[in-house]
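No gaps in the numbering here: position 59 of the sequence shown is 59 in UniProt numbering, and each next residue is one more.
Beta carbons: idealized from backbone N, C-alpha and C, even for Gly.
Note that this is a predicted model, so its numbers are computed, not measured.
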Amino acid sequence: MRARLEDVAKLANVHPATVSRALNERTRGQVSKDTLERVMRAADQLNYRPNTMARSLASARSSSIGVVIADLAVPLFAHMIRGIDDAIGDAGYTALIVNTDNDTERERRHLRSLEERRVDGLIVTTSTLDDPDESRRFSRVAPVVNLLRASGDPQVGQVISNDALGMTQIVEHLLGLGHRRIGLVAGPQNISTSLARLRGYRNAMLENGLDIDAELVETIDHIDTAQGRQAAARILDRTDATAIIGFNDLVTFGVLQELRARGRVCPRDVSVVGYSDIPAAELVAPALTTVAVDHYTMGVEAARMMLNMLDKPDEYAPRSVELPVHLVVRETTAAAAAVESLSVS
């Protein structure tokens, strides 16, 4: 017969309510060390496992947090999910992960499922800027924290990276190498990361005395390698760019593919810089110069923000956490002078 909470209480010689507090990671701090040890020994001896369904019904909480991912095939999300899971696991929560594939109807189906499972909160990586109903769609299910992308809703907390700083570091690195014709494959203009990186590129160019040439900028509407390659082709067809920046590393791999297809050598003919520093960035040949974003820490911070909101709802105020980034220089960038001399030899 399965052991009951009352059996553990009897063996440990404590009240059942004390057992409940001791076995709940979020309340065990209310129990003395000696009592906690007795309860844990008794639970282990009886092979007791808490009835999580009953606990959730009693507390009106499911001890689960929904994590809405745009595309699980994108490597950076694995690091974010691990950060979220580590942080909420320590607090006694479980992550329920759904993948939308950037499809609104699929997202709606997943939200209905998460609502049926009574998740206590939502950590969302799919926020866009062109859907006025999006914030309400998420907040109707549970409290929300935005991760990676901002929604523009001041009532929603968010954890993002300092993309303006990242693009400034890239542009200044290329300018330091003598590049002046710097192209950009910009991301979809309905997400905050794309706008922030495009704005950072433009500001850095202007602050260094360079005009913005619209011919050097191409915008994609879907984040993948194929669109990165197509955008790079358009830039190369109409300009004499000596360097190209990609919206993220996956897009930038497409830029490298297009250069190889044209018989142009990176960085001898064109320098290339990515963004995100996914694991594959240092494995490609040549190894990719890119901006490193600590996606694991972003996940941890989003989880902490969510836990704070759930534990102290009356004290919680939405805020924006912006994490620093840094440029990692590898093999895809070289001095513009070397580019020009070698390309004409």
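Sequence-distant Cβ neighbours of Asn190 in its own chain, meaning closer than 6 Å and more than five residues away, are Thr128, Leu129 and Asp130. Nearest neighbour of Arg229 by Cα position, chosen from Val255, Ala241 and Arg140, turns out to be Val255. In the pairwise beta carbon analysis, the segment 305-312 is classified as not touching the segment 222-242: fewer than three pairs are separated by under 8 Å. Taking C-beta atoms as the reference points, Ile84 and Leu147 count as a pair closer than 9 Å. DSSP places Leu184 in the strand class (E or B) of the three-state scheme.
Between the beta-carbon of Asn102 and that of Thr125 there is about 10 Å, and that puts the pair past the 8 Å contact cut. Minimum Cα-Cα distance from Gln169 among the listed residues Asp7, Val329 and Glu315 corresponds to Val329.
Separation of Ser320 and Phe138 (C-alpha to C-alpha, rounded to the nearest whole angstrom) is 18 Å. Nearest neighbour of Leu23 by Cα position, chosen from Asn13, Leu11, Lys10 and Leu5, turns out to be Leu5. Of the residues assessed, Asn248 falls on the buried side of the cut-off, its CB having 16 or more other CB atoms within 10 angstroms. The residues Val145, Met305, Pro318 and Arg319, in chain order, have a CB closer than 6 Å to that of Gly157 in the same chain once the five nearest residues on each side in sequence are set aside. For Ala243, the enclosing beta strand (DSSP E) covers residues Ala243 to Gly246.
Across the set Arg199, Asn203, Ala186 and Asp211, the C-alpha of Ala186 shows the shortest separation from the C-alpha of Val217. The count of Cβ pairs closer than 8 Å, one atom from the segment 59-77 and one from the segment 268-280, reaches three, so the stretches are in contact. Counted as a single uninterrupted DSSP element, the alpha helix (DSSP H) harbouring Ser113 occupies residues Thr104 to Glu116.
Leu122 has Gly66 and Val144 as its beta-bridge partners, per DSSP. Per DSSP, Asn308 lies in no beta strand (DSSP E) segment; the continuous alpha helix (DSSP H) that holds it begins and ends at His295 to Asp311.
Arg136 is positioned such that its CB atom lies no closer than 9 Å to that of Glu115.
Going by beta carbons, Thr100 and Asp71 fall inside the 9 Å limit.
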